[in-house]
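Asks:
There are 2 protein chains.
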Amino acid sequence: MNGQDSLVQPLLTDFYQITMCYAYWNNGTHEEPAVFDVFFRKNPFHGEFTVFAGLEDCLRFVENFKFSASDIEYVRKILPNDAKPEFFEYLESLDGKGLTIEAIKEGSVVFPKVPLLTISGPLAMCQLIETSILNLVNYASLVATNAARFRQASGKNMQLLEFGLRRAQGPNGGLTASKYCFIGGFDGTSNVLAGKLYGIPVKGTQAHSFICSFSSPDELKIRSLKYKDSEKIGDLFEMSMEKRSWLLDQFNWGVVQSEVSDGELSSFVAYAIAFPDTFLALIDTYDVLRSGVVNFVAVSLALHDLGYRAMGCRIDSGDLSYLSKELRNRFVTVSTLKDEYKFFEKMTIVASNDINEETIMSLNEQKHEIDAFGVGTHLVTCQKQPALGCVYKLVAQSQQPKIKLSQDVTKITIPGKKKCYRIFGKNGFAILDLMMLDSEPEPQPNEQILCRHPFEESKRALVNASKIIKLHDVYWKNGELVTPLPTLNEIKEHVNTSITVALRQDHRRYLNPTPYKVSVSEKLYRFLHDLWLQNAPIGQLE
Amino acid sequence: MNGQDSLVQPLLTDFYQITMCYAYWNNGTHEEPAVFDVFFRKNPFHGEFTVFAGLEDCLRFVENFKFSASDIEYVRKILPNDAKPEFFEYLESLDGKGLTIEAIKEGSVVFPKVPLLTISGPLAMCQLIETSILNLVNYASLVATNAARFRQASGKNMQLLEFGLRRAQGPNGGLTASKYCFIGGFDGTSNVLAGKLYGIPVKGTQAHSFICSFSSPDELKIRSLKYKDSEKIGDLFEMSMEKRSWLLDQFNWGVVQSEVSDGELSSFVAYAIAFPDTFLALIDTYDVLRSGVVNFVAVSLALHDLGYRAMGCRIDSGDLSYLSKELRNRFVTVSTLKDEYKFFEKMTIVASNDINEETIMSLNEQKHEIDAFGVGTHLVTCQKQPALGCVYKLVAQSQQPKIKLSQDVTKITIPGKKKCYRIFGKNGFAILDLMMLDSEPEPQPNEQILCRHPFEESKRALVNASKIIKLHDVYWKNGELVTPLPTLNEIKEHVNTSITVALRQDHRRYLNPTPYKVSVSEKLYRFLHDLWLQNAPIGQLE
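Listed in order, the protein sequences are those of chains C and A.
Counted the way this note's numbering counts, the first sequence spans residues 1 to 542.
Counted the way this note's numbering counts, the second sequence spans residues 543 to 1084.
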């Protein structure tokens, strides 16, 4: 089940796809066999890698492609009155059966210029689906890449939680974000619908409004909690109050009783009674060190006496590094009091509040004591670069290669149907991606392969591969899915392997990462440059 | 009909809303009457105004609020095993009937701290809907504001077209963007589904791939076009070729025949045959001035001979100001050749390619000749600030005011149920927004009203209003919509009036706009500060 099904439909496209479709049809070239490549020109976030995501959504879209009667009716309205009626019959007849889709495995690390998908089929049909394909790949890949960068920055042991629903582009923006952040490396989401639809673990505890809703113990309607392993009942509020007095006597935390909020304590008690085994408290509503942590420790120790183990606390403001270290100090101090309090030293500290990649790296440098980050805005909006910029370009038609020229060399397309390989070196890391003409023989390991920069003549290298992987598989042909699709967890695992195992650290690092090479074979180089010259008009001087 | 219906459902929420709901229910405070305010703290994009949008979506969400059996089943799975079974019966029984929603009119210009919506009802139910409401208001308001800023920058005569679908956060991100850019001030969208669902005018012509698909006249399968007002047939390709030769002889455009692409001409002819009355050509595939414009003028003049009138051209790269002026020059030159070519001077020039507010202002300074902007990425992703940051705060519970304190004064909430007014001065412009206690009498025009800054003691002013508007209406009560909802076009019109007619120019300008004042009454000021002191813990020094 997929929460997007109802919206991913043929009309989710730019109007010009429909006008072009009509013009192709009118010209009689709509059925000409065409090949389109989907690729991007620049890695996002000043980085040197991208995670490819959205493939399954593209395939489902093509699988279900069919204009409804009301769609056709609408298209009739927006095209000129004199549009030929046979065109609408043609539209009605369209489906994805004539398309062939080759793609890189979803979750792979990918690089500029290499086609993520190659879509072949009737010219007009290929053209019609451009916008939907770009819509489905662009944000999915962008946010998965962003999530992977958060994972890189925070290390493999950090718990990463996506909290972005309220800042995403509407309901489905939020769902898409949750799904692709998970595959990019996040452990869970706050988005319950994403949990239900995709099986992603859901996480969360309480908001400030919950804490504020308890001004005093009067708002605590029940105070009793059963001991975990007996029928005996304890008064969690009384027990927590006692623990609190004891704590303030015991430790020199620089706090006086009058500073510690009774409303906050009451809210913690109410929450702990509801969730005695998963108690995680938001402790910054009043003052983390002068109120929140005192109440949290008090309730946690009282819970402990009843046989339950608190999970941890969350801070959502202030100096997260300083606070996390102060909290850890207090937890360690508590843990040394009694053997049975040993668990306190590992108490989970969750931090949220405008976390981004840079914050995480700065926190790392300050040797923070945070166990989990909750990330919203910067993750789902991809603040640093909110669009990936994938494009969808015609590279062949009726067996003739097509090239899109531009005065800007980076915008020239690599023409023709291609095959693409990832070349690995002796140490197991990927060295470069190589594009070749479809007609060339496969490159072989342990042979010298000449790899050229597609546009800079002097940049070339001989490569001796220890391993070569063909990048594309056929996923959709003759109206059928012909390659099994991985589960979300398999895609997630593939992202991790693809980046962490196969990509050299210098390509992954935050500051001035080394660009990963994307090359063409000698034959493709010559083919590309010959075609370029053939197509570039010749000016005349005087 | 609304494209979001299927996704805007109770589970589209953060998990902590459900855990808090359980804790409230378990504590027996879930039915306590509560009041929550939705507001933001800072206008986006370094501006001093925001457009409020998303209200109808919120109301529809509340109207349809009901957990499905499978939702309940899922919640059962994610809550601890020992959660009480009665809670799920309670969830099943929940709907929006107990809520009251007051709101500012959708499309109004709004300012920090003033509640956009005030939601009253049972504590747990109010809490449950927080995330969905924020999700529906945040991006809608942000992107509507962005669109309104583009409109401000480009003036009322510019045609503004939203082309953002491929860069939005998935399918519904794109739909949401199209809808709210339209109300914010855009004239049309490329998004066909948005056209179908919301009745927004759809716009678009052709992509580079269409142009590239014609390498030579061989790919032109039909060349004939009927004269508009007779049965006579012309060969549009031959006629265009003749016009082109004639043009190159006639004018010193510094172009030789060999530079002008025949493939491009063929593609224009194919498109013009399909759309003879709405011919708009993308002219930058090869070279705007050395190929595109020559072919475009040639085909347009040939169309003219057949009785049709071309609409214009689009440029998607290069120096848009320079190119637009060069294009206008050529069009004007053509228009002076013959009386019947007069229409050529007004030929539409559409520009796209990474347009943002700053580009538009720079183009204005350079006195560009562009008639329409197509805007994608910067508009829908809100690159400059991709999240609005609306919050949802508890302000009263069981008739007691609630305040959320913070060491950061800008984060302190204004407690209690309030009434809010917009005060207008003699010249018809809005002077300030005023929040009062719900119990205070309405302020009256032509009386002195003392307005105070909510936190800065010395900032206060006496205001003599010429007109006072109450900002909030009750939209939802006792399970019914009680205020009629405006159409999309009415909301769009209201945005325009609300900004252009009522807001002083200095609040709207791009550079260092004057902050609009948001004040509280004397009584609310005292109430707020008393409550603050009551709730702030007292520290002790030595």
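Note that the Cβ used here is the ideal one computed from N, Cα and C, for glycine as well.
Within 10 Å of its beta-carbon, does residue 856 of chain A have 16 or more other beta-carbons around it, so buried, or fewer, so exposed?
Replies: For this step, residue 856 of chain A is matched to residue 314 along the second sequence. By the neighbour-count rule (16 or more Cβ atoms within 10 Å), residue 856 of chain A is buried.
Asks: Residues of chain A with a CB under 7 Å from the CB of residue 277 of chain C: which are they?
Replies: Sequence index remark: in the first sequence, residue 277 of chain C carries index 277 (1-based). Those within 7 Å of residue 277 of chain C in chain A are 622.
Asks: Quick check on residue 724 of chain A: does DSSP put it in helix, strand or coil?
Replies: In the second sequence, the residue the question calls residue 724 of chain A occupies position 182. Of the three classes helix, strand and coil, the one that applies to residue 724 of chain A here is helix, per DSSP.
Asks: What's the call for residue 516 of chain C, buried or exposed, on a 16-neighbour Cβ count within 10 Å?
Replies: Working through the first sequence from its first residue, we reach residue 516 of chain C at position 516. Buried, by the Cβ-count rule.
Asks: Helix, strand or coil for residue 1033 of chain A per DSSP?
Replies: Within the second sequence, the letter at position 491 stands for residue 1033 of chain A. Helix at residue 1033 of chain A.
Asks: Assuming residue 642 of chain A is part of the beta strand (DSSP E), what are its boundary residues?
Replies: Within the second sequence, numbered from 1, the residue matching residue 642 of chain A stands at position 100. Unbroken beta strand (DSSP E) run through residue 642 of chain A: 642 to 646.
Asks: Smallest Cα separation from residue 530 of chain C: which of C:478, C:317 and C:401?
Replies: Looking up residue 530 of chain C in the first sequence gives position 530. That would be C:401, whose Cα lies nearest to the Cα of residue 530 of chain C.
Asks: I'd like to know whether the C-beta atoms of residue 692 of chain A and residue 702 of chain A end up nearer to each other than 8 Å.
Replies: Position 150 of the second sequence, counted from the start, is the residue given in the question as residue 692 of chain A. Position 160 of the second sequence, counted from the start, is the residue given in the question as residue 702 of chain A. Their beta carbons are under 8 Å apart, which means residue 692 of chain A touches residue 702 of chain A by this criterion.
Asks: From the DSSP secondary-structure annotation, give me the bridge partner or partners of residue 119 of chain C.
Replies: One-based indexing of the first sequence puts residue 119 of chain C at position 119. Paired residues: C:36 and C:101.
Asks: In chain A, what lies closer than 7 Å to residue 208 of chain C by C-beta?
Replies: Taking the first residue of the first sequence as position 1, residue 208 of chain C is located at position 208. Neighbours of residue 208 of chain C on chain A, chain order: 946.
Asks: Answer with buried or exposed for residue 601 of chain A, where buried requires no fewer than 16 other C-beta atoms within 10 angstroms of its C-beta.
Replies: Against the second sequence, residue 601 of chain A aligns to sequence position 59. Buried: at least 16 other Cβ atoms inside 10 Å.
Asks: Could you tell me the distance, in whole angstroms, from the CA atom of residue 345 of chain C to the CA atom of residue 312 of chain C?
Replies: Position 345 of the first sequence, counted from the first residue, corresponds to residue 345 of chain C. Position 312 of the first sequence, counted from the first residue, corresponds to residue 312 of chain C. So the two alpha carbons sit approximately 11 Å from each other.
Asks: Do you know offhand how far residue 572 of chain A's Cα is from residue 220 of chain C's?
Replies: Numbered from its first residue, the second sequence carries residue 572 of chain A at position 30. Numbered from its first residue, the first sequence carries residue 220 of chain C at position 220. For residue 572 of chain A and residue 220 of chain C, the distance between alpha carbons rounds to 12 Å.
Asks: Beta-carbon separation of residue 391 of chain C and residue 432 of chain C under 8 Å?
Replies: Here residue 391 of chain C corresponds to residue number 391 of the first sequence, with the count starting at 1. Here residue 432 of chain C corresponds to residue number 432 of the first sequence, with the count starting at 1. Their beta carbons are not under 8 Å apart, which means residue 391 of chain C does not touch residue 432 of chain C by this criterion.
Asks: What is the residue span of the alpha helix (DSSP H) that residue 1085 of chain A lies within?
Replies: Residue 1085 of chain A lies beyond the stretch modelled for chain A, which goes from 543 to 1084, so this question has no answer here.
Asks: Name the residue from A:782, A:1078 and A:1038 whose alpha carbon lies nearest to the alpha carbon of residue 592 of chain A.
Replies: Within the second sequence, numbered from 1, the residue matching residue 592 of chain A stands at position 50. Ranking the options by Cα distance to residue 592 of chain A, first place goes to A:1038.
Asks: Name the chain C residues whose beta carbon is nearer than 9 Å to that of residue 853 of chain A?
Replies: Numbered from 1 along the second sequence, position 311 holds the residue referred to as residue 853 of chain A. In chain order: nothing, as chain C lies at least about 11 Å away.
Asks: Just curious, the alpha helix (DSSP H) that residue 1044 of chain A is in, first and last residue?
Replies: Taking the first residue of the second sequence as 1, we reach residue 1044 of chain A at position 502. It is not in any alpha helix (DSSP H) - residue 1044 of chain A carries neither H nor E in the DSSP assignment.
Asks: How should residue 1068 of chain A be labelled, buried or exposed, when 16 other C-beta atoms within 10 angstroms of its C-beta is the threshold for buried?
Replies: Start at 1 with the first residue of the second sequence, and residue 1068 of chain A comes out as number 526. Exposed.
Asks: In whole angstroms, what separates the C-alpha of residue 894 of chain A from that of residue 917 of chain A?
Replies: Start at 1 with the first residue of the second sequence, and residue 894 of chain A comes out as number 352. Start at 1 with the first residue of the second sequence, and residue 917 of chain A comes out as number 375. Cα-Cα distance, rounded: 6 Å.
Asks: Can you pull out the residues from the segment 712 to 725 of chain A whose beta carbon lies closer than 8 Å to at least one beta carbon of chain C?
Replies: Listed in sequence order: 712, 713, 714, 715, 716, 717, 718 and 719.
Asks: What residues from chain C crowd round residue 964 of chain A, counting only those whose CB sits closer than 8 Å?
Replies: Position 422 of the second sequence, counting from 1, holds the residue named residue 964 of chain A. The contacting residues do not exist; residue 964 of chain A stays about 27 Å from chain C at best.
Asks: Quick one: what does DSSP say residue 451 of chain C is sitting in, helix, strand or coil?
Replies: To locate residue 451 of chain C, count along the first sequence from 1; it is residue 451. DSSP places residue 451 of chain C in strand when its eight states are reduced to three.
Asks: Alpha carbon to alpha carbon, how far is residue 535 of chain C from residue 822 of chain A?
Replies: In the first sequence, counting from the first residue as 1, residue 535 of chain C sits at position 535. In the second sequence, counting from the first residue as 1, residue 822 of chain A sits at position 280. Rounded to the nearest angstrom, the two C-alpha atoms are 24 Å apart.
Asks: Which residue marks the beginning of the alpha helix (DSSP H) containing residue 784 of chain A, and which one marks its end?
Replies: For the purposes of this step, residue 784 of chain A is taken as residue 242 along the second sequence, with counting starting at 1. Where residue 784 of chain A is concerned, the enclosing alpha helix (DSSP H) stretches over 778 to 792.
Asks: Need the endpoints of the beta strand (DSSP E) that residue 584 of chain C sits in, please.
Replies: One cannot answer for residue 584 of chain C here, as it falls past the ends of chain C, which runs 1 to 542.
Asks: Looking at the C-beta of residue 709 of chain A, does it have a partner C-beta in chain C at a distance below 8 Å?
Replies: Here residue 709 of chain A refers to the residue found at position 167 when the second sequence is read from its first residue. For residue 709 of chain A, the answer is yes, since a Cβ of chain C falls inside 8 Å of its Cβ.
Asks: Are residue 828 of chain A and residue 193 of chain C closer than 8 Å when you measure CB to CB?
Replies: For the purposes of this step, residue 828 of chain A is identified with residue 286 of the second sequence, where counting begins at 1. For the purposes of this step, residue 193 of chain C is identified with residue 193 of the first sequence, where counting begins at 1. Contact: no.
Asks: Mind checking residue 813 of chain A: buried by the 16 CB within 10 Å criterion, or exposed?
Replies: The count along the second sequence starts at 1 and reaches residue 813 of chain A at position 271. Classification of residue 813 of chain A: buried, given that the 10 Å Cβ count is 16 or more.
Asks: Which two residues bound the contiguous alpha helix (DSSP H) that contains residue 1062 of chain A?
Replies: Position 520 of the second sequence, counted from the start, is the residue given in the question as residue 1062 of chain A. It is not in any alpha helix (DSSP H) - residue 1062 of chain A instead sits in the beta strand (DSSP E) that spans 1059 to 1063.
Asks: Quick check on the DSSP output: the beta strand (DSSP E) that includes residue 57 of chain C runs from which residue to which?
Replies: Here the question's residue 57 of chain C lines up with position 57 in the first sequence. Here residue 57 of chain C belongs to no beta strand (DSSP E); instead the alpha helix (DSSP H) covers 55 to 63.
Asks: One question on the structure: do residue 877 of chain A and residue 826 of chain A come within less than 8 Å of each other, judged by their Cβ atoms?
Replies: In the second sequence, counting from the first residue as 1, residue 877 of chain A sits at position 335. In the second sequence, counting from the first residue as 1, residue 826 of chain A sits at position 284. No, Cβ-Cβ distance for residue 877 of chain A and residue 826 of chain A is not below 8 Å.
Asks: Measure from the C-beta of residue 159 of chain C to each C-beta in chain A and report whether the shortest distance is under 8 Å.
Replies: To locate residue 159 of chain C, count along the first sequence from 1; it is residue 159. No, residue 159 of chain C lies away from the interface with chain A (no Cβ there is under 8 Å from its Cβ).
Asks: Over what stretch of residues does the beta strand (DSSP E) that includes residue 936 of chain A continue unbroken?
Replies: Here residue 936 of chain A refers to the residue found at position 394 when the second sequence is read from its first residue. Where residue 936 of chain A is concerned, the enclosing beta strand (DSSP E) stretches over 933 to 939.
Asks: Does any residue of chain C bring its CB to less than 8 Å from the CB of residue 894 of chain A?
Replies: Along the second sequence, one-based indexing puts residue 894 of chain A at 352. It does not; no Cβ of chain C falls within 8 Å.
Asks: With a threshold of 8 Å between beta-carbons, can residue 14 of chain C be considered close to chain A, or not?
Replies: Start at 1 with the first residue of the first sequence, and residue 14 of chain C comes out as number 14. Chain A contact via Cβ: present.
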